[in-house]
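Line by line, the protein sequences are chains A and B.
Counting with our numbering, you get residues 1 to 220 for the letters of the first sequence.
Counting with our numbering, you get residues 221 to 440 for the letters of the second sequence.
Ideal Cβ positions, reconstructed from N, Cα and C, are used throughout, including at glycine.
Here's the structure we're looking at; comments come further down.
Protein chains: 2
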Amino acid sequence: MSRSSVPQLQLALDHTRLDAALDAADRLHEHVDIVEAGTILCFSAGVDAVRQLRQRLPEKTLVADFKVADAGSTLAELAFEAGANWMTVICAAPLATFASAHEVAQRYQGEIQIELFGNWTMDDARSWRALGLKQAIYHRGRDAQAQGQRWSQQDLDAMKALSDLGFGLSVTGGITPQELPQFKEIDVRAFIVGRALTESANGLATAAEFHQAIDSIWGK
Amino acid sequence: MSRSSVPQLQLALDHTRLDAALDAADRLHEHVDIVEAGTILCFSAGVDAVRQLRQRLPEKTLVADFKVADAGSTLAELAFEAGANWMTVICAAPLATFASAHEVAQRYQGEIQIELFGNWTMDDARSWRALGLKQAIYHRGRDAQAQGQRWSQQDLDAMKALSDLGFGLSVTGGITPQELPQFKEIDVRAFIVGRALTESANGLATAAEFHQAIDSIWGK
Chain A
1 MSRSSVPQLQ
11 LALDHTRLDA
21 ALDAADRLHE
31 HVDIVEAGTI
41 LCFSAGVDAV
51 RQLRQRLPEK
61 TLVADFKVAD
71 AGSTLAELAF
81 EAGANWMTVI
91 CAAPLATFAS
101 AHEVAQRYQG
111 EIQIELFGNW
121 TMDDARSWRA
131 LGLKQAIYHR
141 GRDAQAQGQR
151 WSQQDLDAMK
161 ALSDLGFGLS
171 VTGGITPQEL
181 PQFKEIDVRA
191 FIVGRALTES
201 ANGLATAAEF
211 HQAIDSIWGK
Chain B
221 MSRSSVPQLQ
231 LALDHTRLDA
241 ALDAADRLHE
251 HVDIVEAGTI
261 LCFSAGVDAV
271 RQLRQRLPEK
281 TLVADFKVAD
291 AGSTLAELAF
301 EAGANWMTVI
311 CAAPLATFAS
321 AHEVAQRYQG
331 EIQIELFGNW
341 TMDDARSWRA
351 LGLKQAIYHR
361 GRDAQAQGQR
371 WSQQDLDAMK
381 ALSDLGFGLS
391 VTGGITPQEL
401 PQFKEIDVRA
411 FIVGRALTES
421 ANGLATAAEF
431 HQAIDSIWGK
């Protein structure tokens, strides 16, 4: 496992109204490293959400969470042209979709993130690495989380195996600062946090707690 | 296998401009049974694409092809409130996502369609049926198709097994009227056709060829 840097903090904007998402971005962007136009926001407002976030945050790493399953080059063109740095492709997509999305991403100096949901195998992971992909997102889904599913040893083992293959991982799904120590052995690129930052009066304090926890575990 | 009716013809609108999609809908809607706001269109224009299609086509069966992977109830609320009859959920989604999307769909007298991509098992299919889901979409992906992948016996066997479990199937991926006879043993709910209708000067003639082929195979 090679670690490039300490994990970053990613703000996921999953609003159904673009104005509310932009307000949250204005309020929180200085306290996070990466901003994500979430799937809910992108379906609510279209790719204009990505474009408007880019206009407001010209220097920020910006993610279009499209969870692409097909039409990789068309959707990548849409996302990167609007200003995204990274775009997500769901693990269930055919390898051809990863290849076509990756090709467009490279043209924009962007990156593709593999969104891991449901059934996938380490053979899939090796195929993705062979294409040149370097980032994956490990999920405890919003719905799974609502049903009380926790991070399991199986999750942690899978993340470690992906780390060892050379993937930087973004970890998401109702994470709290108290949970971070269990990810110490994993090459975490980012922790993705949404409603804990956007729907809380203490969003800024929560962001600070994440940064403190990250610094204390991964050092500066 | 129970067959409720002859297969229908579904127009997939995968434009990156809403005005072009609406023009295609105006031109073609009388020649198809179902209209789909495709993923590309939904990310380009947002859920407003579904809303505007519903306003123009108040009586048409309308599909929101969101390929939902998480946040099932929020995205279902977005799609059905805007006027969709059916919304797609990707097979890689957790069962909890299917359950929450299905619950919202029922409230709107809508239906969830399972979009089959990548790895899934017949055990998954049985779980989806147990939730009450009745529709699945069998795909030869745009990118897989561009790489020359054909309908295989394995595809046809899987479709037959899903039919036998009680799923009505929508079949998509560069289908031609000449290919329809191979689906005779399958409970096809719809054949989904996009660019062959929208990007051809002969779109109307192609729609007529599909209807003729369907009538000659499945009878009227």
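Just reading off the beta strand (DSSP E) that residue i is part of, what are its end residues?
{"i": "A/Ala64", "result": "Thr61 to Val68"}
{"i": "A/Gln135", "result": "Gln135 to His139"}
{"i": "B/Gln228", "result": "Gln228 to Leu233"}
{"i": "A/Ala206", "result": "As written in the sequence, residue 206 of chain A is Thr, which differs from the Ala given in the question. Not the beta strand (DSSP E): A/Thr206 falls in the alpha helix (DSSP H), residues Gly203 to Trp218."}
Helix, strand or coil, according to DSSP, for residue i in the structure here?
{"i": "A/Ala37", "result": "strand"}
{"i": "A/Ser2", "result": "Per-residue confidence for A/Ser2 stands at a pLDDT of 45, beneath the threshold of 50, marking its modelled position as unreliable; the derived number appears in the next sentence. Looking at A/Ser2 - three-state DSSP - the assignment turns out to be coil, as it is neither helix nor strand."}
{"i": "A/Phe80", "result": "helix"}
{"i": "A/Gln178", "result": "helix"}
{"i": "B/Leu277", "result": "coil"}
{"i": "B/Phe337", "result": "coil"}
{"i": "A/Ser222", "result": "Absent from the structure is residue 222 of chain A, since the part of chain A shown begins at 1 and ends at 220."}
{"i": "A/Glu185", "result": "coil"}
{"i": "B/Glu331", "result": "strand"}
{"i": "A/Thr221", "result": "The requested residue 221 of chain A does not occur in the structure, where chain A is confined to residues 1 to 220."}
{"i": "A/Glu30", "result": "helix"}
{"i": "A/Thr74", "result": "helix"}
{"i": "B/Thr418", "result": "helix"}
{"i": "A/Val50", "result": "helix"}
By how many angstroms is the C-alpha of residue j removed from the C-alpha of residue i?
{"i": "A/Leu41", "j": "B/Phe263", "result": "10 angstroms"}
{"i": "A/Gly166", "j": "A/Asp124", "result": "14 angstroms"}
{"i": "B/Asp239", "j": "B/Ala245", "result": "10 angstroms"}
{"i": "A/Thr121", "j": "A/His139", "result": "15 angstroms"}
{"i": "A/Pro10", "j": "A/Ala161", "result": "The amino acid occupying residue 10 of chain A in the given sequence is Gln; Pro does not appear at that position. Between A/Gln10 and A/Ala161, the C-alpha separation is close to 23 angstroms."}
{"i": "A/Ala76", "j": "A/Pro177", "result": "33 angstroms"}
{"i": "A/Arg189", "j": "B/Glu335", "result": "30 angstroms"}
{"i": "B/Leu282", "j": "B/Ala241", "result": "14 angstroms"}
{"i": "B/Val309", "j": "A/Arg56", "result": "32 angstroms"}
{"i": "A/Ser170", "j": "A/Ile214", "result": "14 angstroms"}
{"i": "B/Met379", "j": "A/Ile137", "result": "31 angstroms"}
{"i": "A/His211", "j": "A/Gly168", "result": "18 angstroms"}
{"i": "A/Val32", "j": "B/Gln228", "result": "49 angstroms"}
{"i": "B/Ile437", "j": "B/Ala257", "result": "28 angstroms"}
{"i": "B/Asp384", "j": "B/Glu405", "result": "10 angstroms"}
{"i": "B/Ser420", "j": "B/Glu279", "result": "26 angstroms"}
{"i": "A/Trp151", "j": "A/Val47", "result": "32 angstroms"}
{"i": "A/Gln153", "j": "A/His15", "result": "32 angstroms"}
{"i": "B/Gly414", "j": "A/Glu30", "result": "44 angstroms"}
{"i": "A/Ser2", "j": "A/Ala196", "result": "Because the pLDDT at A/Ser2 is just 45, under 50, the model does not fix this residue reliably, and the point stays unresolved."}
{"i": "B/Ala428", "j": "A/Arg126", "result": "45 angstroms"}
{"i": "A/Leu133", "j": "A/Phe191", "result": "19 angstroms"}
{"i": "B/Arg274", "j": "B/Val324", "result": "18 angstroms"}
{"i": "A/Leu28", "j": "A/Ile34", "result": "11 angstroms"}
{"i": "B/Thr418", "j": "A/Leu131", "result": "33 angstroms"}
{"i": "A/Leu156", "j": "A/Trp128", "result": "20 angstroms"}
If you follow the alpha helix (DSSP H) that residue i is in, where does it begin and where does it stop?
{"i": "B/Phe411", "result": "Here B/Phe411 belongs to no alpha helix (DSSP H); instead the beta strand (DSSP E) covers Val408 to Val413."}
{"i": "A/Thr97", "result": "Leu95 to Arg107"}
{"i": "B/Trp371", "result": "Unbroken run through B/Trp371: none, as it is neither H nor E."}
{"i": "A/Ser127", "result": "Met122 to Leu131"}
Does the beta carbon of residue i fall short of 6 angstroms from some heavy atom of the ligand GDP?
{"i": "B/Ala410", "result": "This structure lacks the ligand GDP; in fact it carries no ligand of any kind."}
Quiz item: Going along the stretch 65-78 of chain A in order, which residues come within less than 9 angstroms of chain B, judged by CB to CB distance?
Solution: Phe66, Lys67, Val68, Ala69, Asp70, Ala71, Gly72, Ser73, Thr74, Leu75, Glu77 and Leu78
Practice problem: Specify whether the stretch 310-328 of chain B and the stretch 283-301 of chain B touch according to this definition: at least 3 beta carbon pairs, one from each stretch, less than 8 angstroms apart. | Solution: yes
Practice problem: Determine, using beta-carbon pairs with one atom in the stretch 102-109 of chain A and one in the stretch 295-309 of chain B, whether at least three such pairs fall under 8 angstroms. | Solution: no
Quiz prompt | chain B contacts from the stretch 29-47 of chain A (Cβ-Cβ distance under 8 angstroms) | solution = Thr39, Ile40, Cys42, Phe43, Ser44, Ala45, Gly46 and Val47
Self-check item: Members of the stretch 78-98 of chain A that neighbour chain B once the beta carbon cut-off is set at 9 angstroms
Solution: Leu78, Ala79, Ile90, Cys91, Ala92, Ala93, Pro94, Leu95, Ala96, Thr97 and Phe98
Quiz item: Name the residues in the stretch 120-132 of chain A whose C-beta lies less than 7 angstroms from a C-beta of chain B; which are they?
Solution: Trp120
Exercise. Give, in chain order, every residue of the stretch 400-415 of chain B whose Cβ lies closer than 8 angstroms to some Cβ of chain A.
Key: none
Exercise. Report the residues of the stretch 224-241 of chain B with a CB closer than 8 angstroms to any CB of chain A, ordered along the chain.
Key: Asp234 and Thr236
Practice problem: Would you list, in chain order, the members of the stretch 152-182 of chain A that have their beta-carbon closer than 8 angstroms to a beta-carbon of chain B? | Solution: none
Practice problem: Could you please tell me which residues of the stretch 324-341 of chain B, in chain order, have their CB closer than 8 angstroms to any CB of chain A? | Solution: Glu335, Phe337, Gly338, Asn339, Trp340 and Thr341
Quiz item: For the stretch 418-430 of chain B, which residues have a CB atom closer than 8 angstroms to at least one CB atom of chain A, in sequence order?
Solution: none
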